[in-house]
Ligand code: 3PG
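Residue numbers (the UniProt record's numbering): 13 to 224.
Structural data, given as structure tokens:
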């Protein structure tokens with residue numbers, strides 16, 4: 013159920029955002045994520061491999077798998093058919109959010125302004141992706157939005173890394189933080205399980221030092 017998926021994302025506090033060029037790389041990616049202590053992946057619909065990569069990660073049974081960069085209702089259908097546990101969009105689209113609701117799948121649409129947050133709220137969404145976080149005011153902007161929108165939680169993504177992770181995780185309104193820094197596209201493509209696992213483990217260790 014959507015609430016359970018949200019709770020699991022919030023428990024992990026970190027969401028690796030990955031571009032998979034070849035679905036055959038997905039299993040090794042899953043091993044690196046699980047081995048690094050962060051069994052979560054947001055597989056972006058920026059490559060044709062996305063649905064099969066989601067399918068392969070889901071087949072493992074040990075990774076929470078989201079579909080990212082979902083722009084259309086048709087892509088929601090593809091993501092859900094592949095087994096995605098949740099669906100992320102860079103912005104807020106009524107068509108995408110409504111199709112997710114029809115499937116009973118958590119939608120995490122993007123919102124970075126007060127108007128966008130209100131639009132999300134009108135669609136029944138109370139946790140939004142704050143994207144692109146770095147160029148949209150960063151942690152200060154989230155703190156400012158959290159004042160009027162007390163019930164809204166944010167998943168800042170875009171321009172987040174080890175250097176600024178603390179600013180975001182310090183905010184009570186932040187449910188989790190997303191980013192690609194722990195799953196570099198070239199390492200995933202190279203099948204470098206050891207390299208990805210080390211980056212993932214570093215991120216998990218850093219987040220653990222930032223417990224609120
Ligand atoms: C996303 O789709 O969430 C972003 O591309 C991730 O942003 P980052 O690469 O700056 O972490």
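Note that the Cβ used here is the ideal one computed from N, Cα and C, for glycine as well.
Helix, strand or coil at residue i [DSSP, three-state]
i	result
residue 223	coil
residue 135	coil
residue 196	coil
residue 56	strand
residue 190	strand
residue 13	coil
residue 125	coil
residue 208	helix
residue 165	strand
residue 159	coil
residue 38	helix
residue 100	strand
residue 18	helix
residue 218	helix
residue 45	helix
residue 177	helix
residue 145	coil
residue 27	strand
Exposure of residue i, with buried meaning 16 or more beta-carbon neighbours within 10 Å
i	result
residue 160	exposed
residue 97	buried
residue 147	exposed
residue 119	buried
residue 184	exposed
residue 42	buried
residue 54	buried
residue 25	buried
residue 80	buried
residue 37	buried
residue 229	A question about residue 229 goes unanswered here, because the residues of the chain that appear run from 13 up to 224.
residue 182	exposed
residue 56	buried
residue 221	exposed
Cβ distance (whole Å) where residue i is taken to contact residue j below 8 Å
i	j	result
residue 172	residue 189	5 Å
residue 179	residue 150	7 Å
residue 94	residue 67	5 Å
Checklist entry - Which full runs of the alpha helix (DSSP H) of 4+ residues lie inside the segment 55-94, going along the chain? => result Look at the segment 55-94 and you find these whole runs of alpha helix (DSSP H), each 4 residues long or longer: 62-72 and 85-94.
Next on the checklist: Whether or not the segment 67-77 and the segment 46-54 are in contact is what I'm after, with contact meaning three or more pairs of Cβ atoms, one per stretch, closer than 8 Å; do they touch?
Outcome noted: yes
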